[in-house]
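Here's the structure, in structure tokens; my notes come after.
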Amino acid sequence: MNKNVNYGNWVPEKMLALCYVAAAVLGIAACVTGPVLHLVIPAWILGILAAICLVYGIYMHICHELFAFGKGNMMAKVHQHLVDHLEWDGEGTLLDIGCGAAALTIRCAKAFPKAKLVGMDYWGVEWNYAKEQCEANAKAEGVADRITFHKGDAAHLEDPDETFDATVSNFVFHEVRSVKDKRDVVREALRIVKKGGAFSFQDMFSQKALYGDMEEFVEELKKEGVIEIHYIGNLEKKLDFIPGYAAAPWMISGMGILYGRK
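Residue numbers (numbering that gives the first Met the number 0): 0 to 261.
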């Protein structure tokens with residue numbers, strides 16, 4: 000891995016710090032409440048909460064190392080899985096919706112050396128990513144001359160219909176808050192793909208609370224004009240590089256891929 004890039008992590012270091020700090024504070028409170036104040040039951044409750052925070056922090060730390068570029072590399076492998084399902088010759092322009100720190104955008108730039116690329120993201124203070132970070136990463140990886148980045152909303156893309164030859168997105172659609180129905184985010188992503196253009200999207204597609212019946216949704220998209228579309232669900236159970244502990248309900252449970260040609 001290029002030491003000059005910072006692609007971040009799906010488990011932010013701030014979250015790890017919060018877990019460990021909470022465990023320490025609750026542990027100290029338990030020690031004070033029990034031996035000092037002689038409040039046995041509250042002390043036990045605080046102690047149990049401290050243990051839960053500590054165990055959760057350790058679990059998330061393990062996941063952090065698993066996901067990290069240059070370490071466990073699972074984020075890189077997930078991105079490669081998406082690119083492997085993008086049936087595109089690399090001629091033209093590609094949009095990465097929700098590019099984060101541009102890890103997927105840059106992977107696409109290297110996979111398709113003739114392509115021009117656009118990375119779009121909402122960014123914001125709650126995410127450990129920024130436009131400047133994307134630009135620095137692209138420069139460090141030697142592909143800055145073919146990529147531009149801009150801020151945007153995945154549910155309301157500024158691009159006209161059929162703008163791009165290819166479109167990708169990874170674990171973004173379920174995070175979009177400007178629309179309630181996540182299927183509308185998928186439709187918006189398809190709107191800006193040219194007729195005959197390629198797309199590859201990965202998200203929590205197998206979570207029915209988010210997307211309902213995906214087989215039914217695929218049929219709807221076919222009727223709406225998508226000429227070729229494939230769906231593979233529950234990838235966390237099918238991809239050998241995803242260990243069972245990373246497929247917890249709050250992690251990568253319900254992962255699916257939607258790909259094809261418009």
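Ideal Cβ placement from N, Cα and C applies to all residues, glycine included.
Keep in mind that this is a model prediction, so the values were computed, not measured.
Buried or exposed by the 16-neighbour rule on C-beta atoms within 10 Å, applied to residue i
{"i": "residue 47", "result": "exposed"}
{"i": "residue 280", "result": "Since the displayed the chain opens at 0 and closes at 261, residue 280 lies outside it and no answer follows."}
{"i": "residue 31", "result": "exposed"}
{"i": "residue 180", "result": "exposed"}
{"i": "residue 36", "result": "exposed"}
{"i": "residue 251", "result": "buried"}
{"i": "residue 122", "result": "buried"}
{"i": "residue 54", "result": "exposed"}
{"i": "residue 247", "result": "exposed"}
{"i": "residue 42", "result": "buried"}
{"i": "residue 188", "result": "buried"}
{"i": "residue 245", "result": "buried"}
Contact under 8 Å by Cβ, residue i with residue j
{"i": "residue 136", "j": "residue 8", "result": "no"}
{"i": "residue 78", "j": "residue 15", "result": "no"}
{"i": "residue 191", "j": "residue 140", "result": "no"}
{"i": "residue 234", "j": "residue 185", "result": "no"}
{"i": "residue 119", "j": "residue 144", "result": "no"}
{"i": "residue 212", "j": "residue 172", "result": "no"}
{"i": "residue 71", "j": "residue 49", "result": "no"}
{"i": "residue 227", "j": "residue 194", "result": "no"}
{"i": "residue 241", "j": "residue 73", "result": "yes"}
{"i": "residue 45", "j": "residue 28", "result": "yes"}
{"i": "residue 169", "j": "residue 103", "result": "yes"}
Contacts around residue i, its chain only, beta-carbon distance under 7 Å, and the 5 residues preceding and following it disregarded
{"i": "residue 177", "result": "152, 154, 155"}
{"i": "residue 10", "result": "59, 62, 63, 66"}
{"i": "residue 3", "result": "139"}
{"i": "residue 128", "result": "7, 99, 100, 120, 122"}
Supposed close pair residue i, residue j - CB separation, criterion 8 Å
{"i": "residue 100", "j": "residue 133", "result": "6 Å"}
{"i": "residue 253", "j": "residue 230", "result": "Their Cβ separation, rounded to whole angstroms, is 13 Å, which puts residue 253 and residue 230 out of contact at 8 Å."}
{"i": "residue 232", "j": "residue 205", "result": "4 Å"}
Residues near residue i in its chain [Cβ-Cβ closer than 6 Å; skip 5 each side]
{"i": "residue 19", "result": "56"}
{"i": "residue 114", "result": "89, 93"}
{"i": "residue 197", "result": "85, 86, 87, 165, 260"}
{"i": "residue 199", "result": "81, 84, 85, 167, 258"}
{"i": "residue 21", "result": "52"}
{"i": "residue 147", "result": "117"}
{"i": "residue 91", "result": "164"}
{"i": "residue 158", "result": "191"}
Beta-carbon contacts of residue i that lie in its chain and below 8 Å, excluding the five residues immediately before and after
{"i": "residue 39", "result": "33"}
{"i": "residue 112", "result": "89"}
{"i": "residue 221", "result": "228"}
{"i": "residue 150", "result": "119, 120, 121, 122, 130"}
{"i": "residue 223", "result": "186"}
{"i": "residue 1", "result": "139, 140"}
Closer than 7 Å: residue i CB and nearest the ligand NAP heavy atom
{"i": "residue 257", "result": "Although the ligand NAP was asked about, the structure shown includes no ligands whatsoever."}
- Query: Can you list the alpha helix (DSSP H) stretches of 4 or more residues lying completely in the region 111 to 152, in chain order?
  - Reply: 130 to 139
- Message: Ignoring anything shorter than 4 residues, give me the alpha helix (DSSP H) runs that lie fully in the region 176 to 237, in order along the chain.
- Response: 181 to 190, 207 to 210, 213 to 222
- Query: Which ranges would you report for the alpha helix (DSSP H) in the region 0 to 53 if only whole runs of at least 4 residues count?
  - Reply: 12 to 30
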